[in-house]
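*Asks:*
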Amino acid sequence: MGNDEQRRQRPGAGSQTSYTLRDLLIVASYHRRIMIIVFLVTFSAACVAAWFSPIRYEAEARLLVLFNAEQSGNQDIVERPSILSIDGLRATESEVDILRGRALIRDMVKEVGVSTLFPDLNDARMLGLGEPVSPEEMIERATDLAEGRFRIVAQSGSNLVLVAYAHENREVAIEAVDALIKAYLVRRSEIYANPRSRFLVEETEKFRSQIDSLQQQLAKAKARFQVLNLEQEILLAVNQEDSIIQRRRHVLERRESLLAEVATAKQRLADLPERVFDFAERTNRTDNDEARNSRIQLQLERDQLRARYQDSHPRLKEIERQLETLQRFQDRERPVYFADREVRNPAIAFLTNHLLQLEIEADATERQIAELDRQRAVAQLRIAELRQGEQTIGDLARSLDVVDKLYRQARERAESARLEEESAMERASNVRVVEYADAPARGRSQAVNLVAAGLFGGLLLAAVAGLAAAWNRRVYLLPLEVERGLGLPVLATFNEAGGFIGGGAQQQMVYFVGRLLAGRDDGQALRTIQILSAGDQEYRDGFARALATELAEGHARRTLLIDLDRDGNGQASALRAGEARDLGIDGIRAATTRIPDLEVTVDASGSTLGRMRTEVGDLATLVEQLANRYDFVIIDAPATRSSFVALRLAPVIDGSILVIRSEHTRSPVAANTRDQVLDAGGDMLGAVVTGRRFHIPRAIYRWL
C-alpha cells in the first residue's frame, strides 16, 4: 500500500458512507446550546410581535373584466363549448398590473388624506426635534405604506379581480378601496384614448418595395455564382478538396513506399550471385571393384572348403592369407570420389519481375499525383468563388431577413392600431364593478400566524445554526467524519466512560486484534505496530496498553510494549512490572508483567529507539531484532506535536495507527500528523476513535 494511495479519501472496509439519524442527533446534541438559544430568541421575538400585533379590518371589492370577440372563445358552428383563451387571462393580468400602479395609489392617498390613513406619520420627527417633513415627502411615505397593505389579485380560473386593503379603522379601509377603484376607472379611460397611427401603412409599403428589390438582387447573385443552396455548395466544395488532399497523401505515401521497395530490390538483385550451390556427394563405393570381387569369390570358396575339410587344410589356410592381404589393401588403398552441382539462382528472375512491376507502379503514381494536383487546383478555385459569393449572398440574405422582419412588425402594428382604434370606446367599458368595498364587523389579528411562524422559523433557524456550527467545527465527533476527513479507515471506537476493558469496548478490542492478526490488504503480516497521536490527551497510552494486553492474554502472543513517551516508565508503572532485565539488544531493558507473555520496556525513551540522532538503518536493524524475539512489538510513541520520534520510526515498522479523541482532536492537526507519517515513508493502517460518542439520552440512543 503506497503513500499516494493512502492520501486518497477512502472509507474503511465495512464502514458507513452516509449520516444516519443517530449521527445527526449526536451532532445536534453537541451543538444544542447554540441551537436552543437561536430557537428561543426567534420564538420570543415572534411572541413579542404577536403580542403587539394590531387588529385590522380588510375591505374587499371585486371587478369583472369583460372580453370582446377577439379575447373570448365563443361557441362555433358545431356547438363546441367555449374556452377562455390565454389572451383573456393576459387581459385580466394587465388590469391587475394597472391597479397596482404607484400613481393610482398616490391618487388614492391624496383623495383619502395622509392623516386619515396613517395618523402616526404626523409625528414622524424624533421627539419633535427633527426637521419638519414636507407634504410631498409625507405623501410618498404614505404611498409606500399603502402599497404594502393593498392586496390586488386575479381570481384563479376566472376574470374577476379582487381589491383588498387592511386598516385599523373599518371605515377608512372601505374608503381607501373605493378611492383606488375610482382613480383606476379614470386612469383607464385616459389610457384607451390614444390617437390613431396612420403612418404605419405607408411604412409597410416602403418595406414591401425593399423586399422586392432585395429578392431580385439575391436571385441574380445566385445565378452568377451558380448556387442553389450556398451552405450545401460550400460544404460539398470543402469536402471535395479534403477528399483530394487525403487521396494525394495516400498516393504520396504509396510512391515513397514504391521508391523504397525499388531501391531495396535493386540492392538485393546486385548482391545475389549468378549461380548457387545445388548439392554435393562424396563416396568410396565403385560399381566394378576388382579387389572386392576377388574377395567375395575367395569367401565363397572358403565356405565350400570348410564344409568338406578341416580348418587345417592347406587350401583353407591359403585362402585365409589371401583374404587378409585383400583386406589390408582395401583399408590402405580405398579411393574417395567427389560430385558437386551448381545451378542458376532462381531468386534473380523473381526479383527482376518484381522490380519491373514496382517501377511501372511508381510511374503510375507520378501521373496520379499530377492529376490530383490539377483536381485540387480546380476545387480551390471553386472554394474561392464560393467565398466571394458567400459574402455577397450573405449580405443580401441578412438585409432581406431584417427588412422582412420590419415589414411583418409594421404590418402587425398597423393592423393592431386599426383594431385598437375601432374598439377604443368599447374597451373603456370592459370593466364592471361587481361589488363595492365592504369589510367584516370583526377585525383580524396576525398573532396566531406570528406565533406559528416563530415556532417553525425558530426550528428552521436552529437547524441552520446547528449546520453552520457543524460546518465550522474543527474537532471530530463521529467515526464517519474521521474517515471522510482523513481518508483512513476507523478500525475501532471506544467510549471514554468505559475505557478499553469490559463491555462493548472489550468486543471492539477483540475485533480490532482479529483484524490485526489477519494482516494488511496486501497479505503481509503485521508484527511491529506504532500507536501515535497528535497530542497527549487522546488516551493513546491506555489504548496501547489495552492492545498489548489483548494480544498477550487473549491470543497468547509474546508481546513487547515499548514505552517511548516522556520518561519511558509510564506503561511499566500502570502494568505493575517487575524487575527489568537487559534484552541484549543495544541496551534495551524490559520487565515482565502480571499478564503472561507481556513484557514492557523501562527507560526506553533514553535508549537508541528514543534518540533523534539514531540513523534510520540502525533503527530498522534494532526493530527487526526485537520483532524476531517477540510475536508482536507495540510502540507507544510520544505525541508528534512535541517529538519527532514517531516520524523517525514510521518507515522502519509495519504500520502506524492514529488515535483520535472525539470532541478534542482538531481535524487540521490530525491531517497534518497523517501527512507527516506518510511523507516520512511510513504506512498508516487506520485510525482509532476514543472519547464520548453520544450526548443524547441512553434510552433514545438504544431506540435508534
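Just so you know, we're using this note's numbering here: the sequence shown kicks off at 37 and counts up by one.
Just so you know, even glycine gets a beta-carbon here, dropped at the ideal spot from N, CA and C.
Since we're looking at a predicted model, the values are computed, not measured.
#1: Can you tell me whether DSSP reads Met-720 as helix, strand or coil?
#2: Using 10 angstroms around the beta-carbon of Val-725, count the other beta-carbons present and answer buried if the total reaches 16, otherwise exposed.
#3: DSSP three-state call for Tyr-472: helix, strand or coil?
#4: Nearest to Ser-65 by alpha carbon, out of Arg-625, Leu-503, Gly-555?
#5: Suppose contacts are defined by Cβ-Cβ distances below 8 Å. Is Glu-204 in contact with Ile-72 by that definition?
#6: Measure the Cβ-Cβ separation of Thr-595 and Leu-562 and say whether it is below 8 Å.
#7: Taking only runs of the alpha helix (DSSP H) that begin and end inside the segment 593 to 645, which ones reach a length of at least 4 residues, in chain order?
#8: Can you give me the start and stop residues for the alpha helix (DSSP H) that Arg-328 sits inside?
#9: With a threshold of 16 other CB atoms inside 10 Å of the CB of Glu-519, please say whether the residue is buried or exposed.
#10: If distances are taken between C-alpha atoms only, which option among Arg-447, Gly-614, Glu-574 comes closest to Ile-696?
#11: Skipping 5 residues on each side, what residues in its chain have a beta carbon closer than 6 Å to that of Asp-572?
#12: Among the residues of its own chain, which have a CB less than 7 Å from the CB of Leu-125, if the five just before and after it don't count?
#13: Buried or exposed: which applies to Glu-356, given that a residue is buried once 16 or more other Cβ atoms fall within 10 Å of its Cβ?
#14: Going by DSSP, what residue range makes up the beta strand (DSSP E) through Ser-692?
#15: Closer than 8 Å by C-beta to Glu-147: which residues in its own chain qualify, once you throw out the five before and the five after it? Chain order, please.
#16: Nearest CA to the CA of Val-150: which residue from Ala-127, Leu-352, Val-208, Leu-135?
#17: What do you get for Thr-56, buried or exposed, if any count of 16 or more other CB atoms within 10 angstroms of its CB means buried?
#18: Given Arg-444, which residues of its chain have a CB within under 7 Å of its CB, disregarding the five upstream and five downstream residues?
#19: Ala-385 and Val-298 - do their beta-carbons sit closer together than 8 Å?
#20: Classify Val-659: buried if its beta carbon has 16 or more other beta carbons within 10 angstroms, exposed otherwise.
#21: Compute the Euclidean distance between the alpha carbons of Arg-285 and Glu-402, then round it to the nearest angstrom.
#22: Nearest-angstrom Cα distance between Val-652 and Leu-685?
#23: Does the distance from the C-beta atom of Asp-599 to that of Thr-650 stay below 8 Å?
#24: Distance check for Leu-295 and Leu-305, CA to CA, integer angstroms please.
#25: Looking at Leu-442 and Leu-250, is the spacing between their C-beta atoms short of 8 Å?
#26: Which one of Ala-582, Ser-609, Thr-564, Phe-668 has the shortest CA to CA distance from Leu-655?
#27: Flag Glu-289 as yes if its beta-carbon sits less than 8 Å from any beta-carbon of chain B, otherwise no.
#28: Which one of Leu-587, Arg-710, Gly-722, Ile-62 has the shortest CA to CA distance from Asp-667?
#29: If we call anything under 8 Å between Cβ atoms a contact, is Leu-568 one with Leu-694?
#30: Taking only the alpha-carbon atoms, compute the straight-line gap between Ala-127 and Met-174 and give it to the nearest angstrom.
#31: Counting beta carbon pairs with one atom in the segment 711 to 719 and one in the segment 608 to 619, are three or more of them shorter than 8 Å?
#32: Which residue from Ala-400, Arg-412, Asn-389, Glu-241 puts its Cα closest to that of Glu-793?
#33: Could you check how far apart the C-beta atoms of Gly-604 and Gly-642 are, in whole angstroms? I think they sit under 8 Å.
#34: Report the start-end ranges of each alpha helix (DSSP H) in the segment 52 to 100 that is 4 residues or longer and not cut off at the edges.
#35: Identify, in the order they occur along the chain, each residue of the same chain with its Cβ nearer than 6 Å to the Cβ of Thr-709, setting aside the five sequence neighbours on each side.
*Replies:* This is what the structure holds:
#1: Look at Met-720 here: in three-state DSSP terms it is strand.
#2: Of the other Cβ atoms in all chains shown, 16 or more fall within 10 Å of the Cβ of Val-725; this residue is therefore buried.
#3: Here Tyr-472 sits in strand by DSSP.
#4: Residue Leu-503 is the option with its Cα nearest to Ser-65.
#5: No. Outside cutoff.
#6: Leu-562 is positioned such that its CB atom lies no closer than 8 Å to that of Thr-595.
#7: As far as the segment 593 to 645 is concerned, its whole alpha helix (DSSP H) runs of at least 4 residues are 606 to 610.
#8: 326 to 344 is the extent of the alpha helix (DSSP H) around Arg-328.
#9: Glu-519 should be labelled buried.
#10: For Ile-696, the closest alpha carbon among the candidates Arg-447, Gly-614, Glu-574 is that of Glu-574.
#11: Excluding the 5 residues flanking it on each side, Asp-572 has same chain C-beta neighbours closer than 6 Å at Ala-675, in chain order.
#12: Apart from sequence neighbours up to five positions away, no residue of its chain approaches Leu-125 with a beta-carbon distance below 7 Å.
#13: Of the residues assessed, Glu-356 falls on the exposed side of the cut-off, its CB having fewer than 16 other CB atoms within 10 angstroms.
#14: Segment 691 to 697, the beta strand (DSSP E) holding Ser-692.
#15: In chain order, Ala-215, Lys-218, Ala-219 place their CB closer than 8 Å to the CB of Glu-147, counting only its own chain and leaving out the 5 sequence neighbours on each side.
#16: The candidate whose alpha carbon is nearest that of Val-150 is Val-208.
#17: Under a 10 Å Cβ-count criterion, Thr-56 is classified as exposed, with fewer than 16 other Cβ atoms of the shown protein chains found around its own Cβ.
#18: Sequence-distant Cβ neighbours of Arg-444 in its own chain, meaning closer than 7 Å and more than five residues away, do not exist here.
#19: It is not a contact, given that the beta carbons lie outside the stated cut-off.
#20: Classification for Val-659: buried.
#21: Near 13 Å, if we compare the C-alpha coordinates of Glu-402 and Arg-285.
#22: In a straight line, the C-alpha of Val-652 is about 8 Å away from that of Leu-685.
#23: At a Cβ-Cβ threshold of 8 Å, Asp-599 and Thr-650 do not count as neighbours.
#24: Answer to the nearest angstrom: the Cα atoms are 15 Å apart.
#25: For Leu-250 and Leu-442, no; Cβs fall outside 8 Å.
#26: Taking only the C-alpha atoms, the option nearest Leu-655 is Thr-564.
#27: Here there is only one protein chain, and chain B is not present.
#28: Nearest option by C-alpha distance: Leu-587.
#29: Yes, the pair counts as a contact, with Cβ atoms nearer than the cut-off.
#30: In this structure, the alpha-carbon of Ala-127 lies about 34 Å from that of Met-174.
#31: Touching, no, given that fewer than three Cβ pairs across the two stretches are closer than 8 Å.
#32: As displayed, the chain neither begins before 37 nor continues past 740, which places residue 793 out of reach and without an answer.
#33: Their Cβ separation, rounded to whole angstroms, is 7 Å, which keeps Gly-604 and Gly-642 in contact under 8 Å.
#34: Listed in chain order, the alpha helix (DSSP H) elements of length 4 or more contained wholly in the segment 52 to 100 are 57 to 66, 68 to 87.
#35: Answer for Thr-709: Ala-570, Thr-676, listed in chain order.
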